[in-house]
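Engineer: Dumping the structure here so I can ask a few things about it.
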Amino acid sequence: MSQFYDQASLVMVPSGYKNGKVYSQKPLSTDGELTFTRASNASRIGPDGKLERVRTNYLLQSNQFDTTWVNTNITLTSGQSDKDGGTNAWKISETTANSVHILLQTTSSVGMYTFSVYLKSGTKNKAMIFDGTNNLGVKFNLETKAFNSFYGTSVIYNIEELDNGWARYSITSPSASTAFRVYLLDDSYNLSYTGNTTNNIFIQNAQLEVSDFGATPYIPTTSAAVSVGPVSGLPRLDYSGGCPSLLLEPQRVNDVVNNTALNNHTAYNASWGVNVAVAPSGYQEAEKLIENTSNSTHFWGVGLSYTSGTTYTLSVYIKAAERDEFLIQVGNPSVINFGAVFNLSTKVVNNLGSGTAAIVDAGNGWFRCIIRNVTALSNGSTNFNCFLRSGGTINYTGDGTSGAYFWGVQREIGAYETSLIPTLSTSVTRVAETAVKTGISSLIGQTEGTAFIEFSVEHLTSGNNILFNLSDGTSPNSIYANWYEFGGGNRIEYAVYIGGALVVGFNHSIAIGTHKLAFAYKANDFVAYVDGVAVGSDTSGSVPATSRLSIGSWTTPAFYYSGRVSQALLFKTRLTNAQLAELTTL
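Take the sequence shown: its letters are residues 31 to 616, numbered as in the working numbering.
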């Protein structure tokens, strides 16, 4: 492969990236930087194999407690010994006021939150983490690192013990809040008392995040909230196949609210065990559906509206517990009617009705169970239901303890599933992604050349999915390869347009899987190779002048690729057929 690297004018292997950029390994100048756009957050499979989504710390000045924070009857001293062996902690000392002694911050409304902070006892060892909007809190003993009591309504809390006397204390609530406080308490856990200037505790690294399952790794902030993960404009290097590839997808909307907090959805003849299993995200946030003892069906459902003639795909992550077989059903026959039985032990799917179903291994015992390409027959509403099965039926007498784990449900318009779009109280849109470089006529062969791409075909698709496009920025002058669905199968189309007229065009079928494709062009000499084999050619036609490379998209009209790109190369020469075969051999 090294000889091709030397010959190539552009080599894009997704490894280096930043917000709005995908770097190429060649050239190393800015000419090799592809401009990346996606004006929304997203998710990806990270290098640890876990599904990563965006996390945000909404507190400002998260470790600068003398700025933004309101200090009442306390004094603050920075430069204290911290949990990591540095000097980034703060000392909170009481004043002599006969009152409360508080450190607080007011934020915009945050629902389903976790508020966490690292604390250590000093000459004082009692403190409370408090939600000022809902008037609830938890009192802790910082010396023993133990829970003492609730203030107001009980709330979920957690203590993560560390060395050197430190611990991370957190409270979690599904109720929205705007006010978060840390109270110093007297020896009897009272809020209001006469302070002593020698009494103190130590604090570090506060965090407020959207979570119903507890605190995640700390994100430092200054004057604004900070988000990490596949945020808006950040290319998604996806590790689903082990090595990183650039994940590109069209715009999709997840219409299911609270899609990872499924206890917000109705369980029938069953109950929810909340946050009882580690989800594909790596956090303990998955719910367990637990059947009751009735002789009936045991399931949960999401009510959704449908539009006549619209095609939908629905999916949910499931992990077997005592039950390993499930019926997933979309069904009011007059609106939409499709179901499938999923057996997680045998990995067998049995379709019931039109449409297709699939099961995808998501690791650690989890599977994404999918119902694809179902079309609504009329306008209306009906449930997306997930039934437990036992003995080959959904009607059985439950034992009151058995069930299975569920997480990450999604309903989107389209013939296939895309990456998970997390939601809270409203639907969420993930917009389309593009990777483009303009003004690079010097890197693109003008009279002859070769374009190479390694990519994945993951499902049947409708419409056009541009793999690569060389153009002058307009549709009338372009060289491209396009993956599309035709006659119930996938095909790759190769085309050359000059002045809006098609001068070269041929296509061939392609199977689901990862492929290497090269399209070589020269006047009256066009050929395509896929996976080491020639798949089509044309011996007539000219070559248009081009200056723009687009990977995975062409926006006029709006055609977007959906899948993963492992690498892309440009050559300013028409490689020989032997070279094309070698370059594309898997």
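C-beta atoms are modelled at their ideal positions from N, C-alpha and C, and glycine is treated no differently.
#1: Below 8 Å, can you find three or more Cβ-Cβ pairs linking the stretch 369-388 to the stretch 297-310?
#2: Taking Cβ to Cβ, would you say leucine 292 is nearer than 7 Å to valine 212?
#3: Evaluate alanine 598 with the Cβ neighbour count: other Cβ atoms within 10 Å of its Cβ, from every protein chain shown; 16 or more gives buried, anything less gives exposed.
#4: Give the DSSP-derived three-state secondary structure of serine 205 in the structure shown.
#5: Between alanine 553 and glycine 566, is the Cβ-Cβ spacing less than 7 Å?
#6: Where in the stretch 371-422 do unbroken runs of the beta strand (DSSP E), each at least 3 residues long, occur, reported from the N-terminal end onward?
#7: Check whether the stretch 384-395 touches the stretch 324-340, counting contact only when three or more Cβ pairs, one atom from each stretch, lie closer than 8 Å.
#8: Taking valine 287 as the reference, which of Asn512, Leu450 and Asn235 has the closest Cα?
#9: Give the DSSP-derived three-state secondary structure of glutamine 94 in the structure shown.
#10: Between leucine 605 and the rest of its own chain, which residues show a CB-CB distance below 6 Å, the 5 nearest in sequence each way excluded?
#11: Does the beta-carbon of asparagine 289 have 16 or more other beta-carbons within 10 angstroms, so that it is buried, or is it exposed?
#12: Only counting the same chain, and skipping five residues up and downstream in sequence, which positions put a Cβ closer than 8 Å to that of lysine 169?
#13: Going along the chain, which residues of its own chain have a beta-carbon closer than 7 Å to the beta-carbon of asparagine 171, five neighbours each way excluded?
#14: Hey, out of Gly271, Thr136 and Asp114, whose CA is closest to asparagine 194's CA?
#15: With respect to the alpha helix (DSSP H) encompassing alanine 176, which residues constitute its N-terminal and C-terminal limits?
#16: Label tyrosine 35 either buried or exposed according to how many other C-beta atoms from any shown protein chain fall within 10 Å of its C-beta, with 16 as the threshold for buried.
#17: By the 10 Å Cβ neighbour count, where 16 or more other Cβ atoms means buried, how is lysine 318 classified, buried or exposed?
#18: In terms of DSSP beta bridges, what is threonine 67 paired with?
#19: Thinking C-beta only, is leucine 278 closer than 7 Å to proline 44?
#20: Please work out which residues of its chain come closer than 6 Å, Cβ to Cβ, to asparagine 494, disregarding the five sequence neighbours upstream and downstream, and give them in chain order.
#21: Does the distance from the CB of asparagine 413 to the CB of threonine 341 come in under 7 Å?
#22: Measuring alpha carbon to alpha carbon, tell me which residue in Leu238, Ser111, Ser207 and Thr65 is nearest valine 147.
#23: Compute the distance between the beta-carbons of alanine 197 and leucine 89, then report whether it is under 7 Å.
#24: Just checking, does the stretch 344-355 make contact with the stretch 420-434 on the three C-beta pairs under 8 Å criterion?
#25: For glycine 50, which residues from the same chain have a beta carbon less than 6 Å from its beta carbon, with the 5 sequence-adjacent residues on both sides left out?
#26: By how many angstroms is the C-alpha of phenylalanine 397 removed from the C-alpha of alanine 12?
#27: Would you grab the beta carbon distance between serine 338 and leucine 267 for me? Rounded to a whole angstrom, and I think it's under 8 Å.
#28: Taking Cβ to Cβ, would you say glycine 152 is nearer than 7 Å to phenylalanine 160?
#29: Tell me where the alpha helix (DSSP H) around alanine 611 begins and ends.
#30: In whole angstroms, what separates the C-alpha of threonine 97 from that of serine 253?
#31: Check each candidate in Val533, Ala300 and Lys80 and name the one with the smallest Cα separation from threonine 431.
#32: Counting along the chain, where does the beta strand (DSSP E) carrying aspartate 193 start and finish?
#33: If you draw a straight line from the C-alpha of glycine 109 to the C-alpha of phenylalanine 210, how long is it?
#34: Are the CB atoms of tyrosine 347 and glycine 438 within a distance shorter than 7 Å?
#35: Just to check my reading of the structure: tryptophan 261 and valine 84 have Cβ atoms closer than 8 Å, yes? What is that Cβ distance to the nearest angstrom?
Structural biologist: To lay it out plainly:
#1: no
#2: no
#3: buried
#4: coil
#5: no
#6: 378-382, 386-393, 396-405 and 410-418
#7: no
#8: Leu450
#9: coil
#10: Thr480 and Ala550
#11: buried
#12: Lys156, Ala157, Met158, Phe177, Asn178, Ser179, Phe180, Tyr181, Leu215 and Tyr219
#13: Asn155, Lys156 and Asn178
#14: Asp114
#15: Counting along the chain, alanine 176 falls outside any alpha helix (DSSP H), though it belongs to the beta strand (DSSP E) covering 176-181.
#16: exposed
#17: buried
#18: Thr464
#19: no
#20: Asn512, Tyr514 and Phe589
#21: no
#22: Leu238
#23: no
#24: yes
#25: Phe66 and Gly263
#26: It is not possible to answer for residue 12, since the shown part of the chain is limited to 31 through 616.
#27: Not really, about 40 Å apart at Cβ, beyond 8 Å.
#28: no
#29: 607-614
#30: 9 Å
#31: Ala300
#32: Aspartate 193 -> no beta strand (DSSP E), and no H or E assigned at all.
#33: 23 Å
#34: yes
#35: One point to set straight first is that residue 261 is valine, not tryptophan, in the sequence displayed. Valine 261 to valine 84, Cβ: 5 Å. Contact.
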